[in-house]
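The opening residue of the sequence shown carries number 2 in this note's numbering; numbering runs sequentially from there. Reviewing the structure listed below.
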Amino acid sequence: MTQTTELDLLQEQLNDFDPAVRRQALERLLALQPQPPRPPAEVANMHCHTFFSFNAYGHSPTSLAWLGRQQGFKLMGIVDFDVLDGVDEFLDACALTGVRGSAGIETRVYLPEFAQHEMNSPGEPGVLYHMGIGFTTTDVSPEAAAILDELRTQSAQRNQGLIQRVNAYLDPVQVDYERDVLPLTPKGNATERHIVVAYVRQAERHYPDEAARQRFWADRLDLPAERVARLMADAPAFQNQIRSKLMKRGGVGYVQPGHDTFPPIDKLHRLILACDALPCAAWLDGTTSGEQRMDELLALLVDKGAVALNIIPDRNWNIADPDERQVKVQNLYRVVELAQEMDLPLNVGTEMNSYGQKLVDDFDAPALAPVRQAFLDGAYFIYGHTVLQRLLGLGYQSAWARDQLPGRRERNAFYTQVGRAVEPGEAGRRQLAGITPEMTPRELLQQLAT
Numbered sequence: 002m003t004q005t006t007e008l009d010l011l012q013e014q015l016n017d018f019d020p021a022v023r024r025q026a027l028e029r030l031l032a033l034q035p036q037p038p039r040p041p042a043e044v045a046n047m048h049c050h051t052f053f054s055f056n057a058y059g060h061s062p063t064s065l066a067w068l069g070r071q072q073g074f075k076l077m078g079i080v081d082f083d084v085l086d087g088v089d090e091f092l093d094a095c096a097l098t099g100v101r102g103s104a105g106i107e108t109r110v111y112l113p114e115f116a117q118h119e120m121n122s123p124g125e126p127g128v129l130y131h132m133g134i135g136f137t138t139t140d141v142s143p144e145a146a147a148i149l150d151e152l153r154t155q156s157a158q159r160n161q162g163l164i165q166r167v168n169a170y171l172d173p174v175q176v177d178y179e180r181d182v183l184p185l186t187p188k189g190n191a192t193e194r195h196i197v198v199a200y201v202r203q204a205e206r207h208y209p210d211e212a213a214r215q216r217f218w219a220d221r222l223d224l225p226a227e228r229v230a231r232l233m234a235d236a237p238a239f240q241n242q243i244r245s246k247l248m249k250r251g252g253v254g255y256v257q258p259g260h261d262t263f264p265p266i267d268k269l270h271r272l273i274l275a276c277d278a279l280p281c282a283a284w285l286d287g288t289t290s291g292e293q294r295m296d297e298l299l300a301l302l303v304d305k306g307a308v309a310l311n312i313i314p315d316r317n318w319n320i321a322d323p324d325e326r327q328v329k330v331q332n333l334y335r336v337v338e339l340a341q342e343m344d345l346p347l348n349v350g351t352e353m354n355s356y357g358q359k360l361v362d363d364f365d366a367p368a369l370a371p372v373r374q375a376f377l378d379g380a381y382f383i384y385g386h387t388v389l390q391r392l393l394g395l396g397y398q399s400a401w402a403r404d405q406l407p408g409r410r411e412r413n414a415f416y417t418q419v420g421r422a423v424e425p426g427e428a429g430r431r432q433l434a435g436i437t438p439e440m441t442p443r444e445l446l447q448q449l450a451t
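Okay, here's the thing in structure tokens:
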């Protein structure tokens with residue numbers, strides 16, 4: 002076997018559903034390529050979904066860490082829907098690959114104070130995509146584990162209800178959740194995108210003749226056969242069309258969420274704080290009624306415990322329509338300014354859970370020039386918290402931080418400095434070897450500078 006062939010095989014094995022295979026593949030890759038192909042650049046993607054909650058390119062946590070090394074990303078963070086399954090794996094892999102890493106969770110919650118307003122989940126008043134960042138282990142307390150179990154159970158129930166409704170519409174093409182969907186996941190956490198893949202495969206089994214399959218989808222998607230034929234030649238576009246038509250608002254599988262469809266925000270915050278992690282608000286694009294009151298919304302979320310803000314930059318500037326682009330870029334600048342006024346570090350990234358999304362934001366884009374430094378500061382901040390919490394228990398939520406750095410602004414600045422100073426992996430561990438809880442923040446930073 003040539004080295005190129007072996008490298009390709011090993012990189013495929015980084016996404017194997019067996020964690021031991023992933024780990025062994027990474028170790029072998031590092032042995033074959035002990036030096037990264039390029040030095041890390043001042044870019045970050047702190048919002049990457051892994052295959053634990055669907056990654057459009059199939060990346061496991063280990064594979065994302067390897068991707069960051071090979072592409073020269075200085076900082077990366079994972080965020081998965083409803084689970085913390087990838088936290089230890091990703092942070093361990095980042096230590097080996099020399100990437101500054103962080104890990105988080107995302108879910109939908111209900112916010113009664115904004116029950117009449119759409120926020121970052123369009124068409125769903127009162128429903129909010131919300132996050133926790135800065136987790137340091139998959140092994141959580143019983144209190145946190147109970148909430149995670151509840152999130153997983155509720156997600157599975159929603160999925161099964163969705164399948165029941167779509168099955169009735171797509172008959173004779175039928176999907177069984179246990180048989181057809183869960184095997185597509187490494188650990189049983191399925192999303193709508195997994196369900197779409199299952200329906201595509203079941204249609205292929207039921208209609209092996211391509212022309213018959215085109216007629217089936219043309220009928221069920223209410224589209225001309227010619228367009229369906231073109232879509233079927235582009236798997237990502239076809240899957241997005243099925244999801245949009247059948248599972249999103251207005252589709253046969255969609256049910257308008259109510260106040261009890263998703264957990265209250267306070268329950269998610271209990272999970273996050275039980276793990277010494279950071280509640281993080283999430284911003285869409287500033288166009289919904291709730292986000293047009295962003296100062297009020299953020300003030301409410303901060304009062305409930307949020308200490309950071311997540312932004313997906315690319316969808317707010319990389320827009321073909323010039324009028325829409327102008328509106329959204331200005332909204333982006335305003336929300337970044339608001340976050341800075343409220344002392345909320347930024348967590349930014351591309352998601353990677355939909356085909357076509359970038360591996361990393363274009364940090365050199367002129368539209369991002371006014372906010373680039375704020376994006377990077379936020380990435381260093383969350384890594385700084387992560388490395389101090391994971392290795393020393395001195396993260397943002399620690400008693401040490403609350404005592405030594407009572408104000409958010411000074412605390413943010415400290416962890417940002419730590420994030421810049423502490424190298425990833427074994428080098429960072431050596432840097433922190435002489436740090437003790439008896440040190441002041443100033444003494445700690447001085448120690449890191451020596």
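Don't be surprised by glycine CBs; every beta carbon is placed ideally from N, CA and C. None of these values were measured; they are calculated from a predicted model.
Of the residues the options, the one placed nearest residue i, counting alpha carbons only
{"i": "E297", "options": "E211, L377, M343, F382", "result": "M343"}
{"i": "Q418", "options": "D277, S355, P442, L97", "result": "P442"}
{"i": "L302", "options": "Y58, L11, V110, P35", "result": "V110"}
{"i": "A368", "options": "A219, V361, T63, I320", "result": "I320"}
{"i": "D261", "options": "F82, S156, A434", "result": "S156"}
{"i": "F217", "options": "D172, A450, G251, Y397", "result": "D172"}
{"i": "R316", "options": "A309, L310, Q432, E325", "result": "E325"}
{"i": "R29", "options": "P37, A42, E7", "result": "E7"}
{"i": "N56", "options": "N168, P438, R271, D81", "result": "D81"}
{"i": "Q341", "options": "N121, E43, A414, R430", "result": "A414"}
{"i": "R101", "options": "L433, F382, T5, T451", "result": "F382"}
{"i": "N16", "options": "G252, W67, D177", "result": "W67"}
{"i": "D86", "options": "R153, A234, I266", "result": "R153"}
{"i": "R244", "options": "G189, E427, I196, R403", "result": "I196"}
{"i": "E427", "options": "L392, R231, L339, R250", "result": "L392"}
{"i": "A278", "options": "M47, Q398, A219", "result": "Q398"}
{"i": "G162", "options": "A32, T192, S54, P113", "result": "T192"}
{"i": "I312", "options": "Q327, G306, D286", "result": "D286"}
{"i": "R231", "options": "E211, K249, R250", "result": "E211"}
{"i": "Q390", "options": "G420, P371, R250, A375", "result": "G420"}
Proximity test, Cβ basis, 7 Å: residue i and chain C
{"i": "E179", "result": "Protein chain content of the structure displayed is limited to a single chain, and chain C is not contained in it."}
Residue i beta carbon near the ligand GTP (any heavy atom closer than 6 Å)
{"i": "T441", "result": "Judged by which ligands are present, the structure shown has none, so any question about the ligand GTP falls away."}
Rounded distance between the beta-carbons of residue j and residue i, thought under 8 Å
{"i": "T387", "j": "S142", "result": "Rounded, the Cβ-Cβ distance is 18 Å, inconsistent with contact."}
{"i": "G133", "j": "C281", "result": "6 Å"}
{"i": "T138", "j": "D89", "result": "6 Å"}
{"i": "E151", "j": "P264", "result": "7 Å"}
{"i": "A380", "j": "M47", "result": "5 Å"}
{"i": "P123", "j": "Q117", "result": "At roughly 15 Å, the Cβ-Cβ gap does not stay under 8 Å, so P123 and Q117 are not in contact."}
{"i": "K75", "j": "A26", "result": "Actually they are not in contact, since the Cβ atoms of K75 and A26 sit about 23 Å apart, beyond 8 Å."}
Unbroken beta strand (DSSP E) run spanning residue i, endpoints
{"i": "I106", "result": "101–111"}
Burial state of residue i (16 or more Cβ within 10 Å)
{"i": "T98", "result": "buried"}
{"i": "S290", "result": "exposed"}
{"i": "L335", "result": "Correcting the residue identity first, residue 335 is Arg in this sequence and not Leu. Label assigned to R335: exposed."}
{"i": "S346", "result": "According to the sequence displayed, residue 346 carries Pro and not Ser. Buried, by the Cβ-count rule."}
{"i": "P323", "result": "exposed"}
{"i": "Y170", "result": "exposed"}
{"i": "T351", "result": "buried"}
{"i": "G135", "result": "buried"}
{"i": "Q165", "result": "exposed"}
{"i": "V337", "result": "buried"}
{"i": "T51", "result": "buried"}
{"i": "E144", "result": "exposed"}
{"i": "R214", "result": "buried"}
{"i": "Q272", "result": "The residue asked about is misnamed: residue 272 is Leu in this sequence, not Gln. Its Cβ being crowded by 16 or more others within 10 Å, L272 is buried."}
{"i": "V361", "result": "buried"}
{"i": "A309", "result": "buried"}
{"i": "L11", "result": "buried"}
{"i": "L33", "result": "exposed"}
{"i": "R412", "result": "buried"}
Run of the alpha helix (DSSP H) containing residue i, from where it starts to where it stops
{"i": "M120", "result": "Counting along the chain, M120 falls outside any alpha helix (DSSP H), and DSSP gives it neither H nor E."}
{"i": "D200", "result": "Checking the sequence, you will find Tyr at residue 200 rather than Asp. It spans 193–207 - the alpha helix (DSSP H) in which Y200 sits, taken as one unbroken run."}
{"i": "E90", "result": "88–98"}
{"i": "P438", "result": "Run containing P438: none; DSSP gives neither H nor E here."}
{"i": "N413", "result": "409–422"}
{"i": "V176", "result": "Run containing V176: none; DSSP gives neither H nor E here."}
{"i": "G426", "result": "426–432"}
{"i": "L222", "result": "211–222"}
{"i": "V229", "result": "226–233"}
{"i": "Q405", "result": "400–405"}
With a floor of 3 residues, list each beta strand (DSSP E) that falls wholly inside the segment 126–170, ordered by position along the chain. 128–134
Beta strand (DSSP E) runs contained entirely in the segment 31–79, provided each spans 3 or more residues: 42–49
Minimum length 4: unbroken alpha helix (DSSP H) runs contained in the segment 316–393: 323–342, 373–393
To test your reading of the DSSP string, which unbroken beta strand (DSSP E) runs of 3 or more residues are found completely within the segment 239–322? 279–284, 309–312
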